[in-house]
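Count the sequence shown with the working numbering and you get residues 1 to 652, in order.
Where is the CB? At the ideal position from N, CA and C, for every residue including glycine.
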Amino acid sequence: MSTTNTGRTAAAHPSSAAGPSAGPAPGAGPAPATAVAPSEAAAQATLGVETTARSMAEAAAEPVSGITGAQSLVRSLEAVGVEVVFGIPGGAILPAYDPLFDSALRHVLVRHEQGAGHAATGYAQATGRVGVCMATSGPGATNLVTPLADAYMDSVPMVAITGQVPTAAIGTDAFQEADIRGITMPVTKHNFLVTDAAEIPQKIAEAFHLASTGRPGPVLVDIPKDVLQATTDFSWPPRIDLPGYKPTTRPHGKQVREAAALIAAARQPVLYVGGGVLKAGAAEELAELAELTGAPVVTTLMARGAFPDSHRQNLGMPGMHGNVTAVTALQKADLLVALGARFDDRVTGELSSFAPNAAVVHADIDPAEIGKNRKADVPIVGDAKATIVELLTALRAEHEAGRTPDLDAWWEQLEDWRTRYPLGYDWPEDGMLSPQYVIERLGAIAGPDAIYASGVGQHQMWAAQFISYEKPGTWLNSGGLGTMGYAVPAAMGAKYGMPGTTVWAIDGDGCFQMTNQELATCAIEGIPIKVAVINNGNLGMVRQWQTLFYEGRYSNTHLNTHGGKEGAPRQVRIPDFVTLAEALGCVGLRCESKDDVDAVIEKAMAINDAPVVIDFIVGSDAQVWPMVAAGASNDEILAARDVRPVFGEGQV
Ligand SMILES: Cc1ncc(C[n+]2csc(CCOP(=O)(O)OP(=O)(O)O)c2C)c(N)n1
Ligand SMILES: [Mg+2]
Numbered sequence: 001m002s003t004t005n006t007g008r009t010a011a012a013h014p015s016s017a018a019g020p021s022a023g024p025a026p027g028a029g030p031a032p033a034t035a036v037a038p039s040e041a042a043a044q045a046t047l048g049v050e051t052t053a054r055s056m057a058e059a060a061a062e063p064v065s066g067i068t069g070a071q072s073l074v075r076s077l078e079a080v081g082v083e084v085v086f087g088i089p090g091g092a093i094l095p096a097y098d099p100l101f102d103s104a105l106r107h108v109l110v111r112h113e114q115g116a117g118h119a120a121t122g123y124a125q126a127t128g129r130v131g132v133c134m135a136t137s138g139p140g141a142t143n144l145v146t147p148l149a150d151a152y153m154d155s156v157p158m159v160a161i162t163g164q165v166p167t168a169a170i171g172t173d174a175f176q177e178a179d180i181r182g183i184t185m186p187v188t189k190h191n192f193l194v195t196d197a198a199e200i201p202q203k204i205a206e207a208f209h210l211a212s213t214g215r216p217g218p219v220l221v222d223i224p225k226d227v228l229q230a231t232t233d234f235s236w237p238p239r240i241d242l243p244g245y246k247p248t249t250r251p252h253g254k255q256v257r258e259a260a261a262l263i264a265a266a267r268q269p270v271l272y273v274g275g276g277v278l279k280a281g282a283a284e285e286l287a288e289l290a291e292l293t294g295a296p297v298v299t300t301l302m303a304r305g306a307f308p309d310s311h312r313q314n315l316g317m318p319g320m321h322g323n324v325t326a327v328t329a330l331q332k333a334d335l336l337v338a339l340g341a342r343f344d345d346r347v348t349g350e351l352s353s354f355a356p357n358a359a360v361v362h363a364d365i366d367p368a369e370i371g372k373n374r375k376a377d378v379p380i381v382g383d384a385k386a387t388i389v390e391l392l393t394a395l396r397a398e399h400e401a402g403r404t405p406d407l408d409a410w411w412e413q414l415e416d417w418r419t420r421y422p423l424g425y426d427w428p429e430d431g432m433l434s435p436q437y438v439i440e441r442l443g444a445i446a447g448p449d450a451i452y453a454s455g456v457g458q459h460q461m462w463a464a465q466f467i468s469y470e471k472p473g474t475w476l477n478s479g480g481l482g483t484m485g486y487a488v489p490a491a492m493g494a495k496y497g498m499p500g501t502t503v504w505a506i507d508g509d510g511c512f513q514m515t516n517q518e519l520a521t522c523a524i525e526g527i528p529i530k531v532a533v534i535n536n537g538n539l540g541m542v543r544q545w546q547t548l549f550y551e552g553r554y555s556n557t558h559l560n561t562h563g564g565k566e567g568a569p570r571q572v573r574i575p576d577f578v579t580l581a582e583a584l585g586c587v588g589l590r591c592e593s594k595d596d597v598d599a600v601i602e603k604a605m606a607i608n609d610a611p612v613v614i615d616f617i618v619g620s621d622a623q624v625w626p627m628v629a630a631g632a633s634n635d636e637i638l639a640a641r642d643v644r645p646v647f648g649e650g651q652v
């Protein structure tokens, strides 16, 4: 297997490139450096979890004979170091749920399989470990398709285990049969159908190895019911047999030296940092590189927290709703050093006019990314951490040879843009609460140690813009797929993995209605997340596009969560999020005025024995700015409606 299901290639992260005999837990075990630096309480809680997982893993690794495939599956999960599985049982997977009953492995019974999948993702993004979810065949498995696609787009390590109809029934349109391998082929890094119970330990070990090494991603293991019921023997560690899967982790020295020479000569460089830097646990090395080069840094939506927002060299987020300075710095650069970034269309805008004068150094663990959208002058295939470490050495050699870049003019220009076009917002004209203000206050009060998981829409962009991210693993979102409904279950998974850390879901009134049922799971399982619903009464991001591009014709974007339809006889909020929260076993709070914002957030911060939901009733027409319209050139960025920045052409 030299390529993945969809032709993406993958390479291994050096610290986790476990070979067949390299230990019991490929991808599980202690959280790598990407994990959030936890508070003391969190550190203790996490440590406790790891100790339990480790001792469970040691006990499970003992060989046994004459057990069922289902017992072998649960033992394999224990041996690989899994701490928690999010799932829902059903007929085909039922044999596996019986040994789970006796296992120290915890299972969180979710209310919808989509919740299980996003919880596994949130857990993985917050802890750096592999997230695990489980579902039955047919509809259980198909409900996992969205979170699998989500994890695939955002390169999140995840293993999904699905029951399948008995082997003899496969292909007969049996009850609850779905070809989940076929369905998920394009959205998984790899998937397996296990046909022999004896292979279960090996397939599980391979799944974790594939999910967690190279470019991380979701792996699905489909197991027919008769295979789970068959009698088999178990031994651990199994032999991992993945011919052709040899991810390249060490960058090529010559390419690195060429990159260093370009950096040393550039006058207008930008470090364009993507989510791969977080996946590789390379935040510290990135900070060193930034200091050594003196170059400005932009962090994409997937990389928020990879470099502290408070650092002078951090220009913030580029892209469709990035700030003017970050977008324009990329646009006017003479050198882009792309690290674990993929030149996504939301960052480049119109590709043909993106960064027209820039040479490109593109470092990525996945060779399939290099040159995919933008030609790389210096391609580097390798792990981001290893690449940055080698770049540091090569760059020091450049400096020692007297080649140090003079970036003064560039910084003068950048500071000018930064001063003239800071991020900002207006208060709604109708006197309602400003959503940006709410999010800004939430970030200030909960602080940089908290984890923030967002939904998709305007609130997501404001949460990316107006909260200061200082550390890896503190910003979780669905960047690639843009999955509404991600926030609540992802926050649940994150809180499970980081119990001592405050976890906020920042959700929209539309998104919240897709997966809020997982609050029942949170309440029952003792996972006290906090939810800020930014209730603008609308599918706000879509409404914004209707305002800007469809002459204010608001077709099907009004949600009635503010009150009844305009002109309707009864002005009722449906649903009432406060009573909904209470029905789901949470504390429900509401805030409608500026004066109450801090107090309500502080009240929620003080509740730690139950999930809390705050319904923030905010203006309907606040808009996300700056904006580059879809498909437009980044040169066309608008700082606000009808406000086109003046860049002082000819200055740089
Ligand atoms: C599952 C899914 N369906 C549809 C969309 C398209 N979409 C993107 S943003 C958005 C509106 C989200 O509304 P809300 O959650 O209220 O957030 P707001 O933009 O108002 O902050 C929609 C419908 C999507 N991203 N995901
Ligand atoms: Mg909304």
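DSSP three-state assignment for residue i, whether helix, strand or coil
| i | result |
| --- | --- |
| Lys332 | helix |
| Ser212 | helix |
| Met492 | helix |
| Arg644 | coil |
| Leu653 | As shown, the chain starts at 1 and ends at 652. That puts residue 653 outside it, with no answer to give. |
| Lys594 | helix |
| His252 | coil |
| Met627 | strand |
| Tyr272 | strand |
| Gln517 | coil |
| Leu94 | helix |
| His311 | coil |
| Trp427 | coil |
| Asn191 | strand |
| His459 | helix |
| His558 | strand |
| Leu391 | helix |
| Tyr152 | helix |
| Asp173 | coil |
| Gly66 | strand |
| Tyr437 | helix |
Other residues of its chain near residue i: CB distance less than 7 Å, five sequence neighbours each side excluded
| i | result |
| --- | --- |
| Glu113 | Ile88, Ala135, Gly140, Asn143 and Leu144 |
| Met153 | Gly480 and Leu481 |
| Leu262 | Leu335, Ala359, Val361 and Val378 |
| Cys511 | Gly455, Val456, Gly457, Met484, Gly485 and Ala487 |
Proximal residues to residue i (C-beta, below 6 Å), its chain only, five neighbours per side dropped
| i | result |
| --- | --- |
| Val64 | Phe234 |
| His459 | Ile506, Gly508 and Ile534 |
| Arg257 | Ala394 |
| Trp475 | Arg304, Gly305, Tyr452 and Tyr469 |
| Gly90 | Thr136 and Gly140 |
| Ala60 | Arg75, Glu78 and Ala79 |
| Gly497 | Tyr123, Ala126 and Thr127 |
| Leu228 | Gly69, Ala70, Pro95 and Ala96 |
Closest by C-alpha distance to residue i, when choosing among the options
| i | options | result |
| --- | --- | --- |
| Asp226 | Pro95, Gly485, Met492 and Val80 | Pro95 |
| Lys279 | Val618, Met302 and Phe577 | Met302 |
| Ala70 | Glu83, Val110 and Ile200 | Ile200 |
| Asp123 | Ala151, Thr249 and Glu551 | Checking the displayed sequence, the identity of residue 123 turns out to be Tyr instead of Asp. Closest by alpha carbon: Ala151. |
| Met185 | Gly217, Asp196, Thr195 and Lys203 | Gly217 |
| Asn191 | Ala211, Arg543, Tyr496 and Ala197 | Ala211 |
| Lys385 | Arg403, Val646, Asp364 and Asn516 | Asp364 |
| Lys375 | Glu398, Arg111 and Arg342 | Arg342 |
| Val298 | Tyr272, Met320 and Gly276 | Tyr272 |
Other residues of its chain near residue i: CB distance less than 8 Å, five sequence neighbours each side excluded
| i | result |
| --- | --- |
| Arg403 | Ala261, Ala264 and Ala265 |
| His252 | Ile380, Val381 and Gly382 |
| Ser155 | Arg215, Pro216, Gly217, Gly275, Gly276 and Lys279 |
Taking 8 Å as the threshold, find out whether the stretch 584–599 comes into contact with the stretch 517–533 through three or more Cβ pairs. yes
Touching or not, the stretch 445–458 and the stretch 268–287, by the rule of three or more beta carbon pairs under 8 Å? no
Assess contact between the stretch 491–502 and the stretch 168–178, defined as three or more Cβ pairs (one per stretch) separated by less than 8 Å. Is contact present? no
Given 8 Å as the limit, is there contact between the stretch 351–369 and the stretch 329–339, that is, 3 or more CB pairs closer than that? yes
Would you say the stretch 404–412 touches the stretch 601–618, given that touching needs at least three Cβ pairs under 8 Å? Output reads no: the stretch 601–618 does not touch the stretch 404–412.
With a threshold of 8 Å, are at least 3 pairs of Cβ atoms found where one atom belongs to the stretch 241–255 and the other to the stretch 308–319? No: the two stretches stay apart, fewer than three of their Cβ pairs being nearer than 8 Å.
Are the stretch 200–208 and the stretch 170–182 in contact at 8 Å, needing three or more beta carbon pairs? Contact between the stretch 200–208 and the stretch 170–182 is absent, because fewer than three Cβ pairs lie under 8 Å.
Do the stretch 314–325 and the stretch 364–378 meet, that is, are 3 or more Cβ pairs less than 8 Å apart? no
Quick check: the stretch 293–302 against the stretch 334–353, are there 3 or more CB pairs under 8 Å? With the cut-off at 8 Å, the stretch 293–302 and the stretch 334–353 touch.
At a cut of 8 Å, does the stretch 345–355 reach the stretch 625–637 through at least three beta carbon pairs? yes
Inter-stretch contact (C-beta, 8 Å, three-pair minimum) for the stretch 541–548 and the stretch 608–616: no
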